[in-house]
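K.L.:
Read in this note's numbering, the sequence shown has 251 at position 245, and its numbers run on one by one without any break. Using N, Cα and C, we set each Cβ at its ideal position, and we do this for glycine too. So that we are looking at the same thing, I have put the structure below in structure tokens.
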Amino acid sequence: MAFFAGKVALVTGAGSGIGRATACAFAAAGALVTLADIAREAAEETAAIITQSGGTSLAIRADTSLAEDAAAAVARTVGAYGRLDIAFNNAGISGGRPGQDDFDEARYDRVMAVNAKGVWLGMKYQIPEMRRRGGAIVNMGSIAGLTGVGAFAYTASKHAVIGMTKAAATRYAGENIRINAICPGAVDTPMLARATAGVVAPPPGTTGPVAAAEDIAAAVLWLCSDQARFITGHPLVVDGGILAS
Ligand code: NAD
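Rendered as structure tokens:
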């Protein structure tokens with residue numbers, strides 16, 4: 007079931023939660039994976055897990071909100087593996103719970119810098135490399151990118167991700183580069199545990215089931231596979247039915 011043998015993937019926020027699960031899934035499916043995270047040790051822990059499972063990866067420290075780090079993540083990937091086929095722009099922060107500091111300017115700026123600008127910077131450096139032979143990008147949205155349930159800055163950042171995903175998909179549809187967004191509901195990760203004070207439950211303002219990080223990873227791999235070759239510009243909701251209620 008090595009769907010990605012010979013492919014090269016870059017995953018941001020690969021040191022924890024959804025990013026770690028997705029990086030491990032890509033490696034298990036045969037891809038060579040660059041693990042980018044602002045926390046170097048966390049990325050190295052993911053690399054150790056992949057090595058133990060017989061996979062191949064490269065752990066690097068990168069703050070995705072910085073242009074030089076976004077550029078270096080692509081350059082180091084191409085330097086190590088010769089190409090870039092897949093990017094999962096996953097790194098993100100919650101910035102706090104809804105209602106807390108919704109009008110805090112520093113929080114707004116940092117959440118937008120990581121969640122929205124970080125995705126834009128990722129695509130800025132990934133797309134020129136993918137124009138050589140095509141590729142697939144998945145950007146991390148959220149159901150907070152489709153509704154108004156979250157904190158102000160977080161909700162704004164995820165709406166921005168979905169908007170720029172559609173714009174980029176439209177621009178590059180003719181160049182064999184597919185660009186989609188994934189929109190989880192509640193996922194059992196350290197971020198959700200922080201947002202819900204350690205109780206694994208849907209975020210405040212939502213009800214419904216909680217996914218495992220592996221559920222999101224499976225959807226990301228499918229979006230990046232040839233099975234999804236005609237899907238681009240799509241915000242794929244993976245929420246166990248939260249938005250349907
Ligand atoms: P997490 O906190 O477990 O993992 C996030 C990882 O991103 C961490 O390793 C962290 O060090 C890294 N990171 C943070 N800022 C970074 C930066 N500037 N540059 C590089 N790396 C950075 O969180 P998670 O739940 O796995 O979240 C991953 C993504 O999924 C986020 O974008 C989040 O908004 C989104 N999301 C999560 C949920 C959920 O319920 N957990 C739901 C919807 C969307």
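Report the three-state DSSP secondary structure of THR195 (helix, strand or coil).
P.N.:
Position 189 of the sequence shown holds residue 195. Looking at THR195 - three-state DSSP - the assignment turns out to be coil, as it is neither helix nor strand.
K.L.:
Can you tell me whether THR176 is buried or exposed, with buried defined as 16 or more other CB within 10 angstroms of its CB?
P.N.:
Against the sequence shown, residue 176 aligns to sequence position 170. The residue is exposed, with fewer than 16 neighbouring Cβ atoms inside 10 Å.
K.L.:
Tell me the residue span of the alpha helix (DSSP H) that contains MET170.
P.N.:
For this step, residue 170 is matched to residue 164 along the sequence shown. 158-178 is the extent of the alpha helix (DSSP H) around MET170.
K.L.:
Thinking C-beta only, is ALA187 closer than 8 Å to LEU242?
P.N.:
Mapped onto the sequence shown, residue 242 falls at position 236. Mapped onto the sequence shown, residue 187 falls at position 181. Contact: yes.
K.L.:
Our contact map puts THR70 next to ALA42 with C-beta atoms below 8 Å; I'd like the distance itself, whole angstroms only.
P.N.:
Indexing the sequence shown from 1 puts residue 70 at position 64. Indexing the sequence shown from 1 puts residue 42 at position 36. The Cβ separation is near 7 Å, so the contact holds.
K.L.:
Report whether the distance from the Cβ of GLY128 to the nearest heavy atom of the ligand NAD is below 7 Å.
P.N.:
One-based indexing of the sequence shown puts residue 128 at position 122. Result no, Cβ not under 7 Å from the ligand NAD.
K.L.:
Please state whether DSSP places ALA20 in a helix, a strand or coil.
P.N.:
Along the sequence shown, read from residue 1 onward, the residue named residue 20 stands at position 14. In this structure, ALA20 counts as coil in the three-state DSSP scheme.
K.L.:
Per DSSP, what are the beta-bridge partners of CYS189 in this structure?
P.N.:
To locate residue 189, count along the sequence shown from 1; it is residue 183. Beta-bridge pairing links CYS189 to VAL243.
K.L.:
Just to confirm my understanding: we take ALA119, look at its own chain, exclude 5 residues before and 5 after, and list those with CB closer than 7 Å. What are they?
P.N.:
Position 113 of the sequence shown, counted from the start, is the residue given in the question as residue 119. So the qualifying residues of the chain are SER71.
K.L.:
What did DSSP end up calling ASP69 once you bin it into helix, strand or coil?
P.N.:
Along the sequence shown, one-based indexing puts residue 69 at 63. It is coil, neither helix nor strand.
K.L.:
Rounded to whole angstroms, what's the CA-CA distance from LEU152 to ALA234? Just pull it up for me.
P.N.:
Numbered from 1 along the sequence shown, position 146 holds the residue referred to as residue 152. Numbered from 1 along the sequence shown, position 228 holds the residue referred to as residue 234. Going by the C-alpha atoms only, they are around 22 Å apart.
K.L.:
Tell me which residues share the same chain as SER22 and place their Cβ nearer than 7 Å to its Cβ, disregarding the 5 neighbours each side in the sequence.
P.N.:
Numbered from 1 along the sequence shown, position 16 holds the residue referred to as residue 22. The residues are ALA48, THR195 and PRO196.
K.L.:
Run the CB neighbour count on ASN182, radius 10 Å, all protein chains shown included, and call it buried at 16 or more, exposed below.
P.N.:
Along the sequence shown, one-based indexing puts residue 182 at 176. ASN182 should be labelled exposed.
K.L.:
Is there contact between the stretch 103-112 and the stretch 59-69, where contact requires at least three CB pairs shorter than 8 Å?
P.N.:
In short, these stretches do not touch, since the Cβ pair count stays below three.
K.L.:
Can you have a look at ALA251 and say buried or exposed, based on whether 16 or more other CB atoms are within 10 angstroms of its CB?
P.N.:
Indexing the sequence shown from 1 puts residue 251 at position 245. Checking the sequence shown, residue 251 turns out to be Ser, not Ala. That one is exposed.
K.L.:
Once DSSP output is grouped into helix, strand and coil, what is the label at ALA45?
P.N.:
Taking the first residue of the sequence shown as position 1, residue 45 is located at position 39. Reduced to three states, the DSSP call for ALA45 is coil.
K.L.:
Kindly list the residues whose CB is nearer than 7 Å to the CB of ALA20, restricted to its own chain and excluding five residues on each side of it in sequence; keep chain order.
P.N.:
Start at 1 with the first residue of the sequence shown, and residue 20 comes out as number 14. For ALA20, where only same-chain residues beyond five positions count, the Cβ hits under 7 Å are ARG26, ALA29, LEU41, ALA42, ASP43, ALA49 and THR52.
K.L.:
Can you grab the Cα-Cα spacing for the pair ASP75 / ALA68, in whole Å?
P.N.:
Here residue 75 corresponds to residue number 69 of the sequence shown, with the count starting at 1. Here residue 68 corresponds to residue number 62 of the sequence shown, with the count starting at 1. Their Cα atoms are separated by approximately 5 Å.
K.L.:
Can you tell me the Cβ-Cβ gap for GLY101 and ALA157, rounded? I've got them flagged as a contact below 8 Å.
P.N.:
Translated into the one-based positions of the sequence shown, residue 101 becomes position 95. Translated into the one-based positions of the sequence shown, residue 157 becomes position 151. At roughly 6 Å, the Cβ-Cβ gap stays under 8 Å, so GLY101 and ALA157 are in contact.
K.L.:
Does the stretch 80-87 touch the stretch 53-60, meaning 3 or more C-beta pairs lie closer than 8 Å?
P.N.:
Flag = no, the stretch 53-60 and the stretch 80-87 do not touch.
K.L.:
Please find out if some non-hydrogen atom of the ligand NAD comes closer than 7 Å to the beta-carbon of SER63.
P.N.:
The count along the sequence shown starts at 1 and reaches residue 63 at position 57. No - the ligand NAD has no heavy atom lying nearer than 7 Å to the Cβ of SER63.
K.L.:
Tell me, to the nearest whole angstrom, how far the beta carbon of ILE92 is from that of ALA15; I am working on the premise that it is less than 8 Å.
P.N.:
Position 86 of the sequence shown, counted from the first residue, corresponds to residue 92. Position 9 of the sequence shown, counted from the first residue, corresponds to residue 15. About 4 Å separates the two Cβ atoms, so the contact holds.
K.L.:
Where does PHE236 sit, in a helix, a strand or coil, going by DSSP?
P.N.:
Along the sequence shown, one-based indexing puts residue 236 at 230. Of the three classes helix, strand and coil, the one that applies to PHE236 here is coil, per DSSP.
K.L.:
Is any heavy atom in the ligand NAD found nearer than 7 Å to the beta carbon of ALA71?
P.N.:
Stepping through the sequence shown from its first residue, residue 71 is reached at position 65. What sits at residue 71 in the sequence shown is Ser, not Ala. Because some heavy atom of the ligand NAD lies under 7 Å away, the Cβ of SER71 counts as near it: yes.
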